[in-house]
Amino acid sequence: MTNCREYGNAPYKVIVVHGGPGVPGYCAGICRELSDEFGILEILQSKNSIKELIEEMLDIIISHDCEKVVLIGHSWGSWLSFIFTSMYPEYVEKLILVGSGLFDSAYYSQFVEAANAKIMPSEQKEDIKASNQYSQNMEYNPYNYCLLPNIPKDMIAFNEEQHKTLMDEIMPMRDSGELLDYSDGIECPVIAVHGKNDPHIIDGIKIPLENRLSNFKMYVLEKCGHEPWNEYYAKDKFFEILKMEL
């Protein structure tokens, strides 16, 4: 498997880093939507340690002759991008965290409670039924508000071993505060874009980062879960924000 997919034309200004870990390809929808205006690189994480993944990102940036880039990380990819930005600030113009994981384990119990909630307000169900644009083949997921149809080839494969290995590495870093300490090396603006109904509790990202970063801003998307680029209510606003920040 190649470790990178290219969209649009060089110079490549934007790098998209998928979540999971172990689910390469599912952020392709972000790349396609932005590629009419920007050169995009989609990193397909192929290593089994944070150190190796950081080196992989650096190799991709250097091999594509990138100067300063905007990193867009989703979920786990937000954490990975956060670490990279701290270690190699000279390569990052801006960091955008989409549906980030929590930066403070004190909020974990609230995350579990939210992740187990599977209720969609009845008025939203009626909105969906009344819509002719996206009513076909849509599904509801407790992490999201009305997923739009996926393109099957976007997702390459789920790597269960990679997922477990990397989560076993990152969670103690998060719990000990080591992950948040990477704030000290970040020099660029940091933007968080987060769904109001994402089970990753907003305060678990907002409060730790605004206390540690001098240039931090957060957008909260209404009626939005964990994948705003792929959700009925959130998609248009999400891309409006991204293009404005890029």
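Residue numbers (my numbering): -4 to 241. Every residue, glycine too, gets a C-beta built ideally from N, C-alpha and C.
- Item | Ala101 (DSSP reduced to helix, strand or coil) | Here Ala101 sits in helix by DSSP.
- Message: Let me check one thing: in DSSP terms, what residues is Val18 bridge-paired to?
- Response: Answer is none; Val18 lacks a bridge partner.
- Message: Using 8 Å as the cut-off, can you tell me whether the stretch 174 to 183 makes contact with the stretch 199 to 214, which would need three or more C-beta pairs spanning the two stretches below that distance?
- Response: These segments touch.
- Message: What ranges does the beta strand (DSSP E) occupy inside the stretch 37 to 81, keeping only unbroken runs of at least 3 residues that lie completely in it?
- Response: Fully enclosed beta strand (DSSP E) runs of 3 or longer: 64 to 69.
- Nearest to Ala23 by CA position, among Tyr7, Leu92, Tyr2 and Gly15, is which residue? Nearest option by C-alpha distance: Tyr2.
- Exposed or buried, which one is Ala229 when buried takes at least 16 other CB atoms within 10 Å? Residue environment for Ala229: buried (at least 16 other C-beta atoms within 10 angstroms of its C-beta).
- Item | When Cys(-1), Phe98 and Ile78 are compared against Asp242, the one with the closest alpha-carbon | Residue 242 lies beyond the range of the chain shown here (-4 to 241); nothing can be said about it.
- Item | Rounded Cβ spacing between Thr(-3) and Leu39 (contact assumed at less than 8 Å) | Between Leu39 and Thr(-3) the Cβ distance is about 7 Å, and since that is below 8 Å, they are a contact.
- Nearest-angstrom Cα distance between Pro223 and Asp149? Roughly 16 Å separates the two Cα atoms.
- Close Cβ partners of Asn154 (< 7 Å) along its chain, the five nearest in sequence each way excluded: Same-chain partners within the cutoff: Gly17.
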